[in-house]
Amino acid sequence: MEYEKIPAEKFRFVQENEKLHDKELQTKARGFFADAMIRFGKNKSSVIATWILLALALFSIISPIISPYSIWDKDQIYLNYAPYIPGIADSGLGIFDGARTLNSQNETSMNFWRGISEETGRNPVIRTLGEHETTVRDHGRDVVRTTYDIEVNFYYAKGILYRTLTYEEFDKIQAWQNETGIQVIYPYVEQKDINGISDNPNIWYKVNSKGAAQLDANGNFIPMYSTRTEIQGREYNSIRIPSDPGNYIYSYAKSGAVQCRVCYYNYYIYLNGHEPMFIMGTNAMGQDIFCGIGVGARFSILFAIFVSAINLTIGAVYGALQGYYGGWVDMLLDRISDILSGVPFVVVTTLFQLHLAKRVGIVPSFLFAFVLTGWIGMAALTRRQFYRFKGQEFILAARTLGASDWRLMFKHIFPNGIGSIITSCALVIPGVIGSETSMTYLGIVDLSSFAGTTIGTLLSQGNAVVTTAPHAVLYPSIFLGLLMICFNLFGNGLRDAFNPTTRGVDD
Amino acid sequence: MFKYALQRIFYMFFVFMIITFMSFVLIRMLPLPALAPNDPHTEILEIRREALGYNKPYLEQFWIFIRGIVTKWDWGTSEKLYIGRDVWQVFVEKLPASMIVNFYSILWTIPVGIAFGIAAALKKNTWVDYTISTLTMVVISVPSFVYAFLIQYLLCFKWRLFPFVMKAGTDYFSWDMFVSIVPPILALSFGVIAGFCRTTRAELTEVLTSEFMLLARTKGLTKTQATVRHALRNCFVVVVPAIFGEFIGIIGGSLIIERIFSIPGVGNLTINAINGLDYNIFMLSTCFYTAIGLAAGLVVDISYGFIDPRIRMGSKK
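Heads up: the sequence lines are chains F and S, in that order. Sequential numbering from 16 applies to the first sequence in this note's numbering. Sequential numbering from 159 applies to the second sequence in this note's numbering.
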C-alpha cells in the first residue's frame with residue numbers, strides 16, 4: 016500500500032461541524048455517604064441491630080402511651096408485684112398473672128387464702144404446684160401435716176385492707192357500688208371477735224389466738240361480722256354480701272370518719288377507673304415498670320445523643336486547633352486534656368452534683384460532668400486526622416490559593432476525616448448511656464424528680480428485691496442489654512461502612 | 159529509656175498534684191457538714207478543723223493538707239461515717255476486700271481471655287471465630303451489672319450455690335471466704351475475658367498476615383513453630399502492657415460490683431462517702447483513684463519500651 020501519495024480528497028475532518036464532548040457518564044454518581052450506606056446495608060448484623068434499635072426507640076416512645084399509668088402514678092400497696100394483665104391472667108396461660116410462688120403453705124395459710132377467695136370472690140390461689148406430707152410426732156402421736164407449694168396472684172392476695180374514709184367518700188363509694196355492682200366495702204369485723212388480731216383485716220371468720228381458722232362441722236368458715244347492735248357506723252344502703260341477714264354493719268365510726276374493710280382490688284378500680292394492669296410489674300415505688308423503662312430509656316437516649324453532639328463539637332474544634340497548629344499550641348492543649356482525663360469520672364460527677372445541682376439543676380450539672388471529660392477522645396481522633404491530612408498536596412494547593420486557616424481546617428481537612436469522627440460518635444452514645452446508668456444506679460445522681468425514673472434507678476430498686484421480685488430487675492436489664500448491644504453493633508457497622516480499611520480490626 | 163521513664167514519672171506526679179489541688183479546692187468550697195451538738199467527738203473535730211486551717215485561704219489549706227501527708231501521712235479525720243477515726247486507717251482496712259476479688263478474677267481471666275483470642279485469630283473466619291467474636295462483642299457491650307444480676311439471681315438465689323453477700327471478717331484466704339466471693343469474681347471476669355480476647359485477636363490477626371510470617375514459613379518452620387515463636391511474641395507486645403495495666407487496676411476494685419455484692423471494699427467506701435458527705439474520705443478516694451488511673455497509663459506506656467526494643471519511647475524523630 017502506498018502511503019505517500021494518498022490523494023487529498025480521501026481525507027476528511029472527523030468533526031467538521033460538531034463539538035467534541037467527553038461521553039456522558041452512564042452510571043449514576045455515588046457520593047461518599049451513599050457509598051457508605053450501601054456498604055452498611057450489606058452488613059447484616061448491623062442492619063438487624065438498627066431495626067432492633069428502632070424498635071427499642073419506638074418502645075420508649077409508645078410504652079408510656081400504652082401504659083394506663085404515668086410515671087408519677089405511685090401505688091401505695093402494689094409494690095414489687097409481678098406482671099399482671101387482667102384479660103390474659105384469666106385465660107390461665109400462666110403468664111401475666113401476677114403470680115409469685117409460695118412454698119410450704121400449711122393448713123392455716125391455705126385457709127387464709129380460702130377466706131380471701133370466699134369473701135371477695137377473687138381466688139388468689141392460681142394453682143397448686145406440689146403437696147408434701149410430713150409426719151410429725153406431737154404429744155406422743157404421729158400427726159400427718161400437709162404443706163402445699165402454690166402460685167398466688169398477689170393482686171388478689173392483698174384482699175381486704177382497713178381504710179379510714181370521710182363520710183363523703185364513704186357515700187361516694189356506696190353510690191359507685193350501686194352504679195357498677197362491684198363491691199368495695201365489706202362488713203366490719205371487730206377485733207375482739209377474732210381473738211384480738213388487729214393487723215389482719217382479711218380475717219372475717221372464727222379463729223384461734225394463732226390466727227388459724229376454726230371451721231364448723233361441715234368444714235365451712237364461721238363468719239364473725241359485727242352487727243348493728245354492737246357498734247355504730249355510717250348508714251349503709253348499698254350492696255350487701257349474700258349471707259348478710261340484714262343487720263351486718265359495714266363501717267365503724269371513728270372521730271368524724273369511718274373505718275371500713277375495703278377490698279383493695281375493687282377499691283383500686285374505684286380509684287383508677289380500671290383494673291390494675293402492670294405489663295412488666297411494679298417496682299419498689301409502686302410505679303409501672305413498663306412505663307418506667309420507656310420513660311427512662313427515652314431520657315437516656317436523648318441525653319446520650321445530646322451529650323455526644325456537644326462533645327463532638329468541642330472535641331472537633333479542640334482537636335482541629337491542636338492538629339492544625341501543632342507545636343506549642345498542641346503541647347499546651349495536650350497537657351490540659353491530659354489533666355482532665357486523669358480525673359476519675361465518679362469524682363467529676365459528684366463534685367458537679369454537689370456544687371451545681373442546687374444552682375442550675377441536676378440534669379445540667381450531670382451534663383457538664385459528661386462534657387468536661389467526654390470530648391477528649393474526640394479531640395484526639397480529630398487531631399490524628401489533622402496530622403494525617405495537613406501535610407498533603409491539596410492543602411498546599413488551597414493555601415497557595417489564599418485560603419485562610421479557618422477555611423483550611425473546616426473546609427479542606429475536616430471533611431476528609433468526618434467518616435471516622437461520625438462513627439466514633441455512634442460508639443460514644445452507648446458509652447454515655449452506660450455511664451449514665453451506672454451513676455444513677457449507684458445513686459450518685461438522682462434523676463427521678465426530673466425524668467420520673469431512669470434505667471439505673473429501676474435497676475437499683477430491683478436489685479434490692481432480686482429474690483422476691485426478680486421481674487423488677489429482669490426487664491430493665493434485658494432492655495438495657497439489648498440497647499447496648501444494638502448500639503455497639505450499629506456503631507461497628509457504621510465504622511466499617513465509613514472506613515472499609517479498618518473492617519474487622521476489633522469487632 | 160531510663161531517662162524517659164523518669165520524665166514520665168515526674169510528669170505524672172505533676173498532673174497528679176494539679177488534679178489533687180483542683181479536687182481539694184472544690185471539696186473545701188462545699189459547705190461543711192454540721193457536727194452533732196452533743197457528741198463527744200464534736201469538740202475534737204472542731205479543733206481538728208481549726209488546725210487544718212478551714213478558715214484560711216485555700217492555697218494555705220492545701221499546703222497544710224500536703225504537709226500533713228508528707229510529714230505524718232495524715233489524710234484527715236472522718237467526720238460522718240466513722241466519726242473521729244483516721245481516714246487512712248479506715249481506707250486500708252477496706253483495701254484487702256477489693257484487692258482479693260479483683261486478684262482472683264484476673265488470675266484466671268487473663269489466660270482464658272488470651273487463649274480465646276488466640277483461638278479466634280488462628281481459626282479466623284470459621285465458626286470458632288464467629289462464636290468467640292460475637293460473644294466478645296455481646297459481653298463488652300452489656301454493662302457489667304446486667305450479668306452481675308444474672309449471676310446473683312441464678313447462682314445465689316435459684317440454685318443456692320453461693321451466699322448473696324461477701325462473708326464478713328478478715329480471713330481473706332479461707333475456703334468459706336473464697337466461696338462467698340465467687341459470684342463477684344465471675345461478674346468481674348466476663349469483661350476482662352472479653353477485653354483480652356478482643357485485643358489478642360485483633361493483634362494476632364494483624365501479625366499473622368505480616369510478611370515476616372511468610373518468611374518464617376518459607377525458611378522451613380512449621381505453622382506451630384512460626385506462630386509460637388514469631389506471631390505470639392509480636393502480638394504480646396500489645397497484650398503484655400495491658401496485663402500490667404490490669405494488675406495496677408486490681409487495687410481499685412469496681413464501684414458497681416462491690417455495691418451489688420456488698421463487698422466491704424474501697425469502691426463501696428467511696429460511694430458511702432459520697433452519699434454520706436464524708437469529705438475527707440472522698441478526698442482520699444479521689445487521690446487514690448486518680449493515682450491508680452495515672453499509674454496504670456504510665457506502666458502501660460513504659461512497658462511498651464521495655465518489651466519491644468523497636469519502640470523508642472520519647473526519642474526525637
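All C-beta atoms in this analysis are idealised placements derived from N, C-alpha and C, irrespective of residue type, glycine included. These figures come from a predicted structure and were not determined experimentally.
Asked	Found
Taking C-beta to C-beta, are A319/F and I188/F nearer than 7 Å?	no
If you measure from the beta carbon of F179/S to each beta carbon in chain F, is any gap under 7 Å?	no
So, at 7 Å on beta carbons, what are the nonlocal neighbours of E31/F in its own chain, with the 5 sequence-adjacent residues on each side left out?	none
Classify M295/F: buried if its beta carbon has 16 or more other beta carbons within 10 angstroms, exposed otherwise.	buried
Can you give me, in chain order, the residues of the stretch 165 to 193 of chain S that have a beta carbon less than 8 Å from any beta carbon in chain F?	V173, F174, I176, I177, M180, S181, L184, I185, M187, L188
Sort L280/S, K381/S, A345/S by Cα distance to E364/S and report the nearest one.	L280/S
Our contact map puts E237/S next to D436/S with C-beta atoms below 8 Å; I'd like the distance itself, whole angstroms only.	6 Å
Flag this pair as yes or no: are the beta carbons of F409/F and I428/F separated by less than 7 Å?	no
Using C-beta distances below 6 Å, list every residue in its chain close to W128/F, excluding the 5 sequence neighbours before and after it, in chain order.	P139, V140
When you compare only the Cα positions, how much space is there between L327/F and L373/S?	44 Å
Using a Cβ-Cβ distance cut-off of 7 Å, determine whether L366/F contacts chain S.	yes
Within 7 Å of any Cβ in chain S, is that where the Cβ of D521/F sits?	Any reading at D521/F needs caution, since the residue's pLDDT is 44, under 50, leaving its predicted position unreliable; the model's value is listed next. At least one chain S Cβ lies under 7 Å of D521/F.
Note down, in chain order, each residue of its chain lying with its Cβ closer than 6 Å to the Cβ of G508/F, except the 5 sequence neighbours on either side.	F55, N58, S61
To the nearest angstrom, how far is it from the Cα of G506/F to the Cα of I63/F?	12 Å
Could you run through the stretch 314 to 346 of chain F and flag, in chain order, every residue whose CB is less than 9 Å away from some CB of chain S?	none
Does the beta carbon of S368/S come closer than 7 Å to any beta carbon on chain F?	no
Taking the straight line between their C-alpha atoms, what separation do you get for I351/F and F111/F?	55 Å
Could one say the Cβ of M499/F lies closer than 7 Å to chain S's Cβ atoms, at least one of them?	yes
Does the separation of the CB atoms of G130/F and Y220/F fall below 7 Å?	yes
With DSSP as the reference, label I92/F as helix, strand or coil.	coil
When the cut-off is 7 Å and only beta carbons count, does T284/S lie next to chain C?	In the structure shown, chain C does not exist; the protein chains are F and S.
Is DSSP giving L462/F helix, strand or coil here?	coil
Taking the continuous alpha helix (DSSP H) assigned at A209/S, which residues delimit it?	198 to 209
So the alpha helix (DSSP H) Y333/F belongs to, where does it begin and stop?	304 to 340
Restricting to Cα atoms, I'd like to know which of N235/F, G196/F, P98/F, Q192/F is closest to F169/F.	P98/F
Can you tell me the Cα-Cα spacing of L71/F and S492/F, whole angstroms?	13 Å
Would you mind telling me which residues of chain S sit closer than 7 Å to T482/F, beta carbon to beta carbon, in chain order?	F315
For a quick check, are the C-beta atoms of L369/F and L188/S less than 7 Å apart?	yes
Give, in chain order, every residue of the stretch 297 to 316 of chain S whose Cβ lies closer than 8 Å to some Cβ of chain F.	I298, S299, V300, P301, F303, V304, F307, L308, Q310, Y311, F315
Helix, strand or coil for E133/F per DSSP?	helix
What does a CB cutoff of less than 8 Å around T455/F pick up in its chain, not counting 5 residues either side in sequence?	D461, L462, T469, I470, G471, T472, S475
Label K475/S either buried or exposed according to how many other C-beta atoms from any shown protein chain fall within 10 Å of its C-beta, with 16 as the threshold for buried.	With a pLDDT of only 39 at K475/S, under the threshold of 50, the placement of this residue in the model should not be trusted; the figure read from the coordinates follows. It counts as exposed.
Quick one: residues in its chain with C-beta nearer than 7 Å to the C-beta of G496/F, no 5 flanking neighbours on either side, listed in chain order?	none
Provide the residue span of the alpha helix (DSSP H) that contains D105/F, from first to last.	101 to 105
When burial is assigned at 16 or more other CB atoms within 10 Å of the CB, is F370/S buried or exposed?	exposed
Taking C-beta pairs closer than 7 Å, name the residues in chain F that I432/S reaches, listed in chain order.	T365, I459
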